[in-house]
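To start, the structure itself, in structure tokens.
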Amino acid sequence: MKRAKKFPKASILGVAAVSTLFTACDLINDLIPADPNPGDPHVQISSSSHFVPASSSAILPTSSFNQPSAFQTWRGPDGYQRIETGHSTDTETAGYWYSFADDVDGGMSRVVWPVPEGDEYDSGSLQPIVDYCKGLCGTASLNKGTMTYNPFAGVAFNLAGEDSRGNIVAADVSDMDGVCISYASETTMTIEMIFDDATNSRIGYANPAVTIPKSLAGTTKTYSWSNFKQPSWYKGDYKISGTEGAKRLVALRFKLQASMGDYRFNITEIGKNGACTGVPANLDIIGPVDPIVIDPPDTIPPGPAPENNFETWFGYQGYAQINTGYDNGSLTSGYWFSYGDDVDGGQSRIVWPVPQGNEYSDDALDPIIEHCNGLCGTAVLDKGVLTYNPYVGVGFNLAGETKNGEADIVDASSIGGICISYTSTAAPTLEMGLGEALDAAIGYAQPAVALPKSTTGVTKFIPWSNFKQPSWYKGDLQLTGEQAAKHLANIKFRIQAHPGQYDFNIQAVGPFNGGTCAPNANVLP
Numbered sequence: 012m013k014r015a016k017k018f019p020k021a022s023i024l025g026v027a028a029v030s031t032l033f034t035a036c037d038l039i040n041d042l043i044p045a046d047p048n049p050g051d052p053h054v055q056i057s058s059s060s061h062f063v064p065a066s067s068s069a070i071l072p073t074s075s076f077n078q079p080s081a082f083q084t085w086r087g088p089d090g091y092q093r094i095e096t097g098h099s100t101d102t103e104t105a106g107y108w109y110s111f112a113d114d115v116d117g118g119m120s121r122v123v124w125p126v127p128e129g130d131e132y133d134s135g136s137l138q139p140i141v142d143y144c145k146g147l148c149g150t151a152s153l154n155k156g157t158m159t160y161n162p163f164a165g166v167a168f169n170l171a172g173e174d175s176r177g178n179i180v181a182a183d184v185s186d187m188d189g190v191c192i193s194y195a196s197e198t199t200m201t202i203e204m205i206f207d208d209a210t211n212s213r214i215g216y217a218n219p220a221v222t223i224p225k226s227l228a229g230t231t232k233t234y235s236w237s238n239f240k241q242p243s244w245y246k247g248d249y250k251i252s253g254t255e256g257a258k259r260l261v262a263l264r265f266k267l268q269a270s271m272g273d274y275r276f277n278i279t280e281i282g283k284n285g286a287c288t289g290v291p292a293n294l295d296i297i298g299p300v301d302p303i304v305i306d307p308p309d310t311i312p313p314g315p316a317p318e319n320n321f322e323t324w325f326g327y328q329g330y331a332q333i334n335t336g337y338d339n340g341s342l343t344s345g346y347w348f349s350y351g352d353d354v355d356g357g358q359s360r361i362v363w364p365v366p367q368g369n370e371y372s373d374d375a376l377d378p379i380i381e382h383c384n385g386l387c388g389t390a391v392l393d394k395g396v397l398t399y400n401p402y403v404g405v406g407f408n409l410a411g412e413t414k415n416g417e418a419d420i421v422d423a424s425s426i427g428g429i430c431i432s433y434t435s436t437a438a439p440t441l442e443m444g445l446g447e448a449l450d451a452a453i454g455y456a457q458p459a460v461a462l463p464k465s466t467t468g469v470t471k472f473i474p475w476s477n478f479k480q481p482s483w484y485k486g487d488l489q490l491t492g493e494q495a496a497k498h499l500a501n502i503k504f505r506i507q508a509h510p511g512q513y514d515f516n517i518q519a520v521g522p523f524n525g526g527t528c529a530p531n532a533n534v535l536p
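Spelled out as structure tokens, the structure:
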């Protein structure tokens, strides 16, 4: 997903307010390179960046919003993804963390997060990462691709952000007298000063920087602006000292550049010179990196499929049961159910738009499906005594129930995966339930796939191979999505986020092989 900038919450909510109709059309070791090349445009940011200057004309003069020594020390355990830089424009777009990499230079590097990103305002939000890491942690997975020098990736934040027209604003941060950082990293990092495009280009992307050492146990470092130097390979006429650069600063970047491999990092504190207190930084919470998986095109269903009897379910048709083709004879397969975090100490619930129940069951969801042209509701998330983010979800059994009332197991390999059409104001997760015994055996680390939030509607075709166990799982029983499909009990649509209210509507569900989610569905939110 490409995004050029981080939009303020007001803008996001405004878009959501006018984009409520979902139709079928929506388917829709060193700062210096290994081979020094002063012309390399390292200032370019990867597709996961926010606030990247598109042209020099988009950068305004130093912000007039500056306040003396207004930078507030950011500490990860406080739980905020945004740094109060004290120099933000009225749009309040400064200080948000974002990632960058070398893809525009031909590299294939990326920052891999330990938990899925995304919150109620932005599917690319790093708030879940900050919550999990008590800082900003991840893995720089470095792959040079076609580059001739060491690959790189990292994280950054902007000092002033944007003005009301979306122009990037520089800030005079001389009053900070430098920067301090508490962190841990498996390789050296550089802290780089980023300016507007014209200045970056004029100095051949030889931006003033400091190199901070590798530290596995965590450390705290402090640097004055005068410590920031342009690299020794730079021979250009236009020189910028760190002290001068602080007067026109757009962003600070924290870059990991090394030989190809995976390098964990955790930034737990950022402040002005001398303000850091030494917040501990832990690397052990970061799991191994999963291999890159390319999703199939969202708008093109797969071609000829192996034989299966799973029929695509469309909410607008009003049926409460999905014909999975795997019923065990109990006629209990495919019925939607809901669940929550109450068994773990949470107090979350789903609020339905109309009362549930029919003549056979008080828990039946038929009225909701008829009302919503899908399965819709509001996830009201409340942590209770939980120490992690609360959750609720809905799901359905593939084969139905056994005589003991437990979810039966079936080999669902033939359907190849799942297609789904939905709206959700929080980024949901699609999980594979494997039955109580196997779920418990793997510590409830079921294979799953993260979905994006969408207020206007989105359709996804997801093969079993895309379902992965979470990176935190270190158990001996490792399962791929394909293996899990041979022992499948149910599919669950789970919303887990910060306490709050999140709307959702599931409008179509079908098989990956032969499914027809959304293309011809007259679906309403």
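Converting from the sequence shown to the numbering used here requires adding 11 to each position, the first position being numbered 1. Glycine residues also receive a C-beta, built at the ideal position from the N, C-alpha and C atoms.
- Close CB contacts of T102 within its chain, under the 8 angstroms cut and outside five residues either way in sequence, are with P19, G172, E173, D174, S175 (chain order).
- Note on geometry: alpha-carbon atoms of N384 and P224 lie some 57 angstroms from one another.
- Taking 8 angstroms as the cut-off, the beta carbon of M158 is found closer than this to the beta carbon of D113.
- Its Cα nearest to that of T288, the residue R86 stands out among E95, R86, Q494.
- In the three-state reduction of the DSSP assignment, M200 falls in the strand class, which pools E and B.
- In this structure, the CA atom of G117 is about 39 angstroms from the CA atom of K497.
- V166 sits close to S110, with the two beta carbons spaced by under 8 angstroms.
- The distance from the Cβ of T440 to that of S465 is about 14 angstroms, inconsistent with a contact at the 8 angstroms cut-off.
- Unbroken beta strand (DSSP E) runs of no fewer than 3 residues, entirely contained in the region 418-488, are found at 428-435, 440-444, 459-461, 465-474, following chain order.
- A distance below 7 angstroms between beta-carbons, with the five flanking residues on each side excluded, links T413 to the following residues of its chain, in chain order: D419.
- Secondary structure of A292 (DSSP, three-state): coil.
- With respect to the 8 angstroms criterion, Q512 and V391 are classified as neighbours on the basis of their beta carbons.
- Secondary structure in the region 163-190: the beta strand (DSSP E) runs of 3 residues or longer, each lying completely within the stretch, are 163-169 in chain order.
- Under the 10 Å beta carbon count, V365 is surrounded by fewer than 16 other beta carbons and is classified as exposed.
- The bridge partners DSSP lists for R121 are S152.
- Cβ neighbours of V362 within its own chain (closer than 7 angstroms, five residues either side excluded): G388, T389, V391.
- Sequence-distant partners of Q457 (beyond 5 residues in either direction) whose C-beta falls short of 8 angstroms from its own C-beta, in its chain, are E442, M443, G444, L445, D450, Q480, A495.
- Of the residues assessed, N524 falls on the buried side of the cut-off, its CB having 16 or more other CB atoms within 10 angstroms.
- Positions of the beta strand (DSSP E) runs, each at least 3 residues long and wholly inside the region 339-404, are given as 347-351, 360-362, 386-392 in order along the chain.
- Judged by DSSP secondary structure, N501 falls within the beta strand (DSSP E) whose first and last residues are 501-507.
- Sorting A438, S243, G492 by C-alpha distance to the C-alpha of G135 places A438 at the top.
- For the options N293, F348, I278, the alpha carbon positioned closest to that of Y91 is the one of I278.
- With a threshold of 16 other beta carbon atoms within 10 Å, G428 meets it and is buried.
- For Q512, the pairing in a beta bridge is given by DSSP as V391.
- Here D273 carries a strand assignment [DSSP, helix/strand/coil].
- With a threshold of 16 other beta carbon atoms within 10 Å, D207 meets it and is buried.
- In the assembly as shown, T104 is a buried residue. Its beta-carbon has 16 or more other beta-carbons within 10 Å.
- Take the alpha-carbon of A375 and the one of N501: they are about 18 angstroms apart.
- For E128, the closest alpha carbon among the candidates S120, V115, T335, D142 is that of D142.
- For the 8 angstroms CB-CB criterion, I94 and I281 form a contact.
- Following the DSSP letters along the chain, one finds Q268 in no alpha helix (DSSP H) but inside the beta strand (DSSP E) bounded by residues 262-268.
- The shortest CA-to-CA distance from G411 to any of T343, G468, N218, A331 is the one to T343.
- For A228, the uninterrupted beta strand (DSSP E) run begins and ends at 226-234, by DSSP.
- Sequence-distant partners of K232 (beyond 5 residues in either direction) whose C-beta falls short of 6 angstroms from its own C-beta, in its chain, are I192, I223.
- In the structure shown, T279 adopts extended strand secondary structure according to DSSP, grouped into three states.
- In this structure, G149 keeps its C-beta atom at 8 angstroms or more from the C-beta atom of V115.
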